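Participant: So that you can map any letter, position 58 of the sequence shown is 57 in numbering that gives the first Met the number 0, and since no number is skipped, the others follow by simple counting.
No residue lacks a Cβ here, since even glycine has one placed at the ideal position from N, Cα and C.
Only a predicted model underlies this, so the values are computations on that prediction, with no experimental measurement involved.
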Amino acid sequence: MIDIVLMMAQAAAPAAKPAPDARAAVVCVRAEKGGRRPLTFSGKLVGKRPQPGEFKLPLTPGSDVCNNLLRSKIATWNLEVTTSGFTACALPAPEFGQRVTYSAKAGARGLKCAQIAKSPIGTWK
0 MIDIVLMMAQ AAAPAAKPAP DARAAVVCVR AEKGGRRPLT FSGKLVGKRP QPGEFKLPLT
60 PGSDVCNNLL RSKIATWNLE VTTSGFTACA LPAPEFGQRV TYSAKAGARG LKCAQIAKSP
120 IGTWK
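#1: What is the residue span of the beta strand (DSSP E) that phenylalanine 40 lies within?
#2: Less than 9 Å between the beta carbons of glutamate 79 and leucine 68, yes or no?
#3: Quick one, are the C-beta atoms of isoleucine 120 and alanine 24 less than 9 Å apart?
#4: Given this structure, state the Cα-to-Cα distance separating aspartate 2 from phenylalanine 54, to the nearest angstrom.
#5: With glycine 109 as the anchor, note down where its beta strand (DSSP E) starts and where it stops.
#6: Would valine 45 and tyrosine 101 be called neighbours here (beta carbons separated by less than 9 Å)?
#7: For proline 93, does the count of other Cβ atoms within 10 angstroms reach 16, so buried, or fall short, so exposed?
#8: Would threonine 86 be called buried (16 or more neighbouring beta carbons within 10 Å of its own) or exposed?
#9: Could you tell me the alpha carbon to alpha carbon distance between valine 99 and serine 71, rounded to whole angstroms?
So this is what it looks like as structure tokens:
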């Protein structure tokens with residue numbers, strides 16, 4: 000009986016929402032072990048004119064590679080994981096104030112990416 004009450008209380012607890020004034024987000028990508036191709040995590044701000052903040056990071060199997068994304072009023076983040084010979088895996092940009100982790104693996108059927116974790120990071124000012 001107590002277990003049921005605890006489960007109901009956990010289900011009813013509201014999920015932590017990002018602060019409306021959050022100015023950054025963190026995106027991490029973990030290359031799964033067993034992939035035979037080198038993977039690269041890249042991102043850039045896409046707007047009407049060139050923006051600073053473009054990055055291209057090699058992924059190491061089994062470890063997270065993270066990058067801070069700063070909020071921009073005039074551009075949006077374009078994030079992807081790439082490897083030669085496969086179509087790039089597009090990653091959705093997270094809500095600001097969130098830390099999102101994705102897994103990436105290049106297999107026989109192509110490049111696959113999936114969200115594996117999400118948590119609030121609080122406000123950064």
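Facilitator: Let me lay it out:
#1: Translated into positions along the sequence shown, residue 40 becomes position 41. That run of the beta strand (DSSP E) goes 39-46.
#2: Here residue 79 refers to the residue found at position 80 of the sequence shown. Here residue 68 refers to the residue found at position 69 of the sequence shown. In terms of Cβ geometry, glutamate 79 and leucine 68 do not form a close pair [threshold 9 Å].
#3: In the sequence shown, residue 120 corresponds to position 121, counting from 1. In the sequence shown, residue 24 corresponds to position 25, counting from 1. Against a cut-off of 9 Å, the Cβ pair of alanine 24 and isoleucine 120 comes out as a contact.
#4: Here residue 2 is taken as the residue at index 3 of the sequence shown, counted from 1. Here residue 54 is taken as the residue at index 55 of the sequence shown, counted from 1. Reliability of the predicted coordinates at aspartate 2 is poor, the pLDDT of 39 falling under 50, and no value is obtained from them.
#5: Stepping through the sequence shown from its first residue, residue 109 is reached at position 110. It spans 109-119 - the beta strand (DSSP E) in which glycine 109 sits, taken as one unbroken run.
#6: The count along the sequence shown starts at 1 and reaches residue 45 at position 46. The count along the sequence shown starts at 1 and reaches residue 101 at position 102. Annotated as distal: valine 45 and tyrosine 101, with beta-carbon spacing of 9 Å or more.
#7: Here residue 93 refers to the residue found at position 94 when the sequence shown is read from its first residue. So proline 93 ends up on the buried side.
#8: Taking the first residue of the sequence shown as 1, we reach residue 86 at position 87. By the 16-neighbour rule on beta-carbons within 10 angstroms, threonine 86 is exposed.
#9: The sequence position of residue 99 within the sequence shown is 100, counting from 1. The sequence position of residue 71 within the sequence shown is 72, counting from 1. When the Cα atoms are used, valine 99 and serine 71 turn out to be separated by approximately 18 Å.
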